[in-house]
Amino acid sequence: MSELPPHSTSRIAVRCHGLTKTFGAGATAFQALRGVDLEVRTGELLMLVGPSGCGKTTLISIIAGVLRRDGGECTVFDQDYLSMTEQEITRFRGSHTGFVFQAFNLIPTLTASENVSAPLVINGMNRRAAVAQAREMLRRVGFDERMLESSPVDLSGGQQQRVAIARALVHQPDIIVCDEPTSALDSETGRKVMQIMRELALASNRALIVVTHDARIFDFADRIAHMEDGRITGIEIPQKNAAAS
Amino acid sequence: MYYYALKMLIGDRAKYIGIIIGLTFASLLITQQSAIFAGVMARTFSFLTDVSMPDIWVVDPQVQYIDDIKPLQATKVLQVRGVTGVEWAVPLYKGSLRARLDNGTFQTCIAIGLDDETLIGGPPRMLVGQLSDLRRSDGVIVDQAGAEGKLARRAPDGSRIPLKVGDSLELNDHRVYVVGICQVTATFQANPVIYTTYSRATTFAPQERKLLSFVIAKASAGEDTEAVCQRIQEATHLRAYTPSKFKTLTFYYYLKYTGMPINFLTAVALGFIVGITISGQTFYNFTLDNLRYFGTLKAMGTTNRTLLKMILLQALIVGAIGYGLGVGLASAWGGLLSGRTQIAFLLPWQLLLISAVAIMFICLSAAALSIRKVMKLEPAVVFRS
């Protein structure tokens, strides 16, 4: 087990120190994070693993800027969310962060290419240009012409997750946070999805944080951070990194 | 993002159609009931609408509405004529007379007696014959609805034979002859309207000491009508109204002393409630169903302001479609029945505006709940499975 990141010469994407977060107050208060120390570098795929309720999702929510911390420090590309307004955080998320969700969260009434184009449109791109760029990204994740205009409900779980990955990448974010991206997929599809993530997401020298329970994909990680009771209890570098294999 | 907002809305067919149906029904009910109310109220002063030439109506001070006739002394016409600024003034009779039909039954008719010399106050449109035909002996002009309806004769097979020029009828035991058929604005009582000369009408009417219903007058060119009305009131101790003021007086009388407004307002309120409950609830459910996607968009960088605009756009689109369909159906219903029945239906632009505001209010109320939900939505919700 080591705490040294494999890409120690690359830029620090995320730095958390003494990070705390409590939900509720008084007798019902629940301390989800109890002083988390973590660094994530660009070009790195970090997996957060641990039992349910250990604070993994809370941690990536804070890193992604969708939840405010209570105490400690947390910077993402040297930006501290606490010094930013809500609007600035929203804009920062829009341009710097990509999301991949367990349940995909694809809008069912939009086509695959429209779903993928959403981050570009949010960032101000013309819809036609955004859809054209989204189609290109979908081709990169293995979509053929016929599937580009499919509704998400007509796609398999693996295909839907590929759309979600394309959506997370299309606007070239600096950091991508993934919440259980393979838990709804079978083993083979899960590995294919992770393969795509490693190939496309890390190619641009960006940081990738994956929350997972899925031991089948641990070998895709550069480092694995183990969490328990709101703390990082250990960081491990997998013996056989799938990227290297 | 607005394109995506529309696709989200239209893509959920069941809810989209449900919202549209709710708003259409609300718009239909609000517009149709308001139009019937407006039509009925317009009939209360239809006589004033039809008699367009005078711009001053002189009546007893106790008169509360157009049909509340309190006869004046015949000399009042001369008094009015003597007021400065009055170009002309003529007498006008309006009363109820009983017409005896062929089958022996009686039909109450509205009798209008026009000044013998000028025939001022005649029907707005002659269909058969001319107004001057009233000068023929015992001549009367009957309105088309009355001639084809309540005054029509019965054929042996039971069908109606409309009254036509040359036919005779009995008015208060006086035989008169139809010399013309006219068209008038439907009246509130829906009784046939019979025009004749003032002298003949007062002969037919039950004998009273005073028989003059109104003095109708015209202000001289360049004179302020309101000022002339004031001078008439001072000179005659009667009340002088402009047509619009007399209409308003009549309108408010019916508004105050009949239950009609409450009846119609109840129906309009029902439309409102239907709109709020069906459309509001469905729209809110639509937002709740899409909350996860709104949260996703929020996490991906969509600002609250943009989300607010997206929801408002969705609400306004369903509102516009529902309003259009509702108003279209109400207009079609009114147009279809107005030509075939005596239904009162009046749809001025003001009612269309009121209906639009009502539907807009329903949509914005429905959207407000949804907007509140989305605005308060924590983007972190996207990580909760």
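Protein sequence lines correspond, in order, to chains C and P. Read in order, the letters of the first sequence correspond to residues 0 to 244 in numbering that gives the first Met the number 0. Read in order, the letters of the second sequence correspond to residues 0 to 384 in numbering that gives the first Met the number 0. Ideal Cβ positions, reconstructed from N, Cα and C, are used throughout, including at glycine.
Thinking just about the alpha-carbon of each residue, which of Phe98(C), Ile62(C), Cys73(C), Leu45(C) is nearest to the one in Val162(C)?
Phe98(C)
Cutoff 8 Å: Pro151(C) Cβ touching any chain P Cβ
no
Could you please give the first and the last residue of the uninterrupted alpha helix (DSSP H) stretch that includes Tyr194(P)?
It is not in any alpha helix (DSSP H) - Tyr194(P) instead sits in the beta strand (DSSP E) that spans 192-196.
So is Ala258(C) in contact with chain P if we call contact Cβ pairs under 8 Å?
As shown, chain C starts at 0 and ends at 244. That puts residue 258(C) outside it, with no answer to give.
Pull up the distance between the alpha-carbon of Glu187(C) and that of Ile231(C), whole angstroms please.
29 Å
Distance between Ser116(C) and Gly93(C) (C-alpha atoms, nearest Å)
13 Å
Whole-Å CB distance - Ser369(P) paired with Ile310(P), under 8 Å assumed
5 Å
Got a sec: which bits of the segment 9-28 of chain P sit with their beta carbon under 8 Å from any beta carbon on chain C, in order along the chain?
Ile9, Gly10, Asp11
Taking the beta strand (DSSP E) that Arg68(C) belongs to, which residues open and close that run?
No beta strand (DSSP E) contains Arg68(C), which DSSP labels as neither H nor E.
Residues, ordered as in the chain, of the segment 206-230 of chain C that lie near chain P by beta-carbon distance below 7 Å
none
For His95(C), the first and last residue of its enclosing beta strand (DSSP E):
Where His95(C) is concerned, there is no enclosing beta strand (DSSP E), although the alpha helix (DSSP H) around it starts and stops at 85-95.
Could you give the DSSP three-state label for Met124(C): helix, strand or coil?
coil
Work out the CA separation of Met359(P) and Ala329(P) for me, nearest whole Å.
18 Å
Report yes or no: do the segment 233-241 of chain P and the segment 126-133 of chain P share at least 3 C-beta pairs separated by less than 8 Å?
Short answer: they don't touch.
Could you tell me the alpha carbon to alpha carbon distance between Leu269(P) and Leu28(P), rounded to whole angstroms?
8 Å
Could you tell me which whole alpha helix (DSSP H) segments of length 4 or greater appear in the segment 139-226 of chain P?
143-147, 197-203
If the criterion is Cβ atoms closer than 8 Å, does the pair Gln217(P) and Ile65(P) meet it?
In the sequence on display, residue 217(P) carries Lys and not Gln. No, the pair does not count as a contact, with Cβ atoms beyond the cut-off.
What are the boundary residues of the alpha helix (DSSP H) that includes Val162(C)?
For Val162(C), the enclosing alpha helix (DSSP H) has its first and last residue at 156-168.
Assign Arg166(C) to one of two classes, buried (16 or more other C-beta atoms within 10 Å of its C-beta) or exposed (fewer than that).
buried
Our contact map puts Lys20(C) next to Leu37(C) with C-beta atoms below 8 Å; I'd like the distance itself, whole angstroms only.
That belief does not hold up - the Cβ atoms of Lys20(C) and Leu37(C) are roughly 13 Å apart, past 8 Å.
Which term fits Pro172(C), buried or exposed, when burial requires 16 or more other beta carbons within 10 angstroms of its beta carbon?
buried
Taking only three categories from DSSP, how would you classify Met193(C)?
Helix at Met193(C).
Identify which residue in Ile236(C), Pro237(C), Met46(C), Val192(C) has its Cα closest to the Cα of Gly210(C).
The residue you asked about is not Gly; residue 210(C) is Val in the sequence shown. Selected option, being the one with the closest Cα: Met46(C).
Residues in the segment 264-289 of chain P having any Cβ partner in chain C nearer than 7 Å
none
Excluding the 5 residues flanking Asn190(P) on each side, which residues of the same chain have their C-beta closer than 8 Å to its C-beta?
Ser95, Gln106, Thr107, Cys108, Ile109, Gly145, Lys149
If you reduce the DSSP assignment to three classes, tell me which class Gly334(P) lands in.
helix
Bridge partners for Trp56(P) per DSSP, in chain order?
Ile215(P), Tyr240(P)
Considering just the uninterrupted stretch of the beta strand (DSSP E) at Thr50(C), what are its terminal residues?
At residue 50(C) the sequence reads Pro, which differs from the Thr that was named. For Pro50(C), no beta strand (DSSP E) segment is defined, and its DSSP state is neither H nor E.
Quick test of your reading: Ile164(C) and Met196(C), contact by CB under 8 Å. State the CB separation rounded to the nearest angstrom.
In this structure Ile164(C) is in contact with Met196(C), their Cβ atoms being roughly 6 Å apart against a cut-off of 8 Å.
Along the segment 289-317 of chain P, where does the CB come closer than 9 Å to a CB of chain A? Name the residues.
Absent here is chain A; the protein component of the structure consists of chains C and P.
Listing by chain order, which chain P residues have their CB less than 7 Å from the CB of Thr89(C)?
Gly300, Thr302
Once DSSP output is grouped into helix, strand and coil, what is the label at Phe105(P)?
strand
Looking at the C-beta of Val381(P), does it have a partner C-beta in chain C at a distance below 8 Å?
Val381(P) counts as touching chain C.
Report yes or no: is there a C-beta of chain C within less than 8 Å of the C-beta of Ser369(P)?
no
For the beta strand (DSSP E) containing Pro90(P), list its first residue and its last residue.
85-99
Mind listing the chain C neighbours of Pro378(P)? Cutoff is C-beta to C-beta under 7 Å, in chain order.
Val65
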